[in-house]
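J.:
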Amino acid sequence: MKRDTVTNNLALKWTKVPSADKYLFVFANQKSYFLDEQLRDNPGNREEVVAVATDPDTIIKTLNKYYNPDSTWYFRVTAIKSDVFESGWSDFFALVSEDQSGGSSTVTGVAEDNELPVVYKLYANYPNPFNPETTIEYDVPDQGLVGISIYNLKGEKIQTLINREHQPGHFRVKWNGRSQSGEQVASGMYLYILTASEFRQVGKCLLLK
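Start counting at 1 in the sequence shown, then tack on 15, and there's your number in our numbering.
1. Among S105, A35 and S34, whose alpha-carbon lies nearest the alpha-carbon of P183?
2. Check for me: the beta strand (DSSP E) holding A211 runs from which residue to which?
3. Span of the beta strand (DSSP E) holding D154?
4. K37 lies in the beta strand (DSSP E); which residues open and close that run?
5. Output the distance between the C-alpha atoms of F145 and Q216, rounded to the nearest integer angstrom.
6. On the three-state DSSP scale, how would you describe Y89?
7. Ignore the nearest five residues each way along the sequence and tell me which others in N167's own chain have a CB closer than 7 Å to its CB.
8. Please state whether the Cβ-Cβ distance between I177 and V161 is less than 9 Å.
9. Tell me the rounded alpha-carbon separation between Y89 and V41.
10. E213: which of E148, V155 and Q45 sits nearest, CA to CA?
11. Quick check: the Cα distance between L223 and Y38, rounded to an integer number of angstroms?
12. So what does DSSP say about K219, is it helix, strand or coil?
13. Can you tell me where the beta strand (DSSP E) with F186 in it begins and where it stops?
14. Smallest Cα separation from V200: which of E148, A211 and G159?
15. Thinking just about the alpha-carbon of each residue, which of A43, L131 and A139 is nearest to the one in H189?
16. Note the first and the last residue of the continuous beta strand (DSSP E) segment covering L226.
17. So for A94, helix, strand or coil by DSSP?
18. Check whether the Cβ atoms of A211 and H185 lie closer than 9 Å to each other.
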């Protein structure tokens, strides 16, 4: 994406997926929005979201409306065919604008903190202990199937939080202390387990009421 210094308009470019009927774009003003896996297929009406559309012209008009100097936006795109996701979400990117000479604003590039992870990693949940919910963050270095599930200390599966194809990136998901059927679980220690290919890592979380 770049801003034309003559017309003062934004231009958006991406690599086409040959079989796609359309593309879904999501732009947000906070990076944390794209780390929440529970929002992946349902952008919703959240205040962080600047624009959600399948029409590039609509996206451009909306972004031009909200464009300000010294601002940062985050975006990603997915291809859709027959109202089904044809591709995974792209990585999300940061667009940084700066004041230039003469007072105009241009997008200057991708933020430096958007580096992709090189190893799988499961982070300690927070808060811990927790009530009513806790956040689990994790890194995925390669495209592939990733799962995160909650178990009790007897080894019984309580809840599957994530089980889907991932692109490389840093993600987070929340657990609300409920079972797969939606029932509130008892206070106590629980395990959250990340599995991906041959990788497996276990974390512990404590639910207090």
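Backbone N, C-alpha and C fix where the C-beta goes; we use that ideal spot for every residue, glycine too.
T.: Looking at the coordinates:
1. Comparing C-alpha distances from P183 to each of S105, A35 and S34 shows the shortest one belongs to S105.
2. Where A211 is concerned, the enclosing beta strand (DSSP E) stretches over G203 to A211.
3. Segment T149 to V155, the beta strand (DSSP E) holding D154.
4. Note, K37: beta strand (DSSP E), K37 to A43.
5. Rounded to the nearest angstrom, the two C-alpha atoms are 20 Å apart.
6. The answer is strand: DSSP assigns Y89 an E or B state.
7. I173 and Y205, listed in sequence order.
8. Between I177 and V161, the C-beta gap is smaller than 9 Å, which places the two residues in contact.
9. Just so you know, the alpha carbons of Y89 and V41 end up roughly 8 Å apart.
10. That would be V155, whose Cα lies nearest to the Cα of E213.
11. About 43 Å.
12. K219: strand per DSSP, three-state reduction.
13. Per DSSP, F186 belongs to the beta strand (DSSP E) from G184 to W190.
14. A check of alpha carbon separations from V200 across E148, A211 and G159 identifies E148 as the nearest.
15. Looking at the sequence itself, residue 189 is Lys, so the reference to His does not match. The alpha carbon of K189 has as its nearest neighbour, out of A43, L131 and A139, the alpha carbon of A139.
16. Shown here, the chain extends from 16 to 224; a query on residue 226 therefore has no answer.
17. The three-state secondary structure of A94, taken from DSSP, is strand.
18. Cβ atoms of A211 and H185: not closer than 9 Å.
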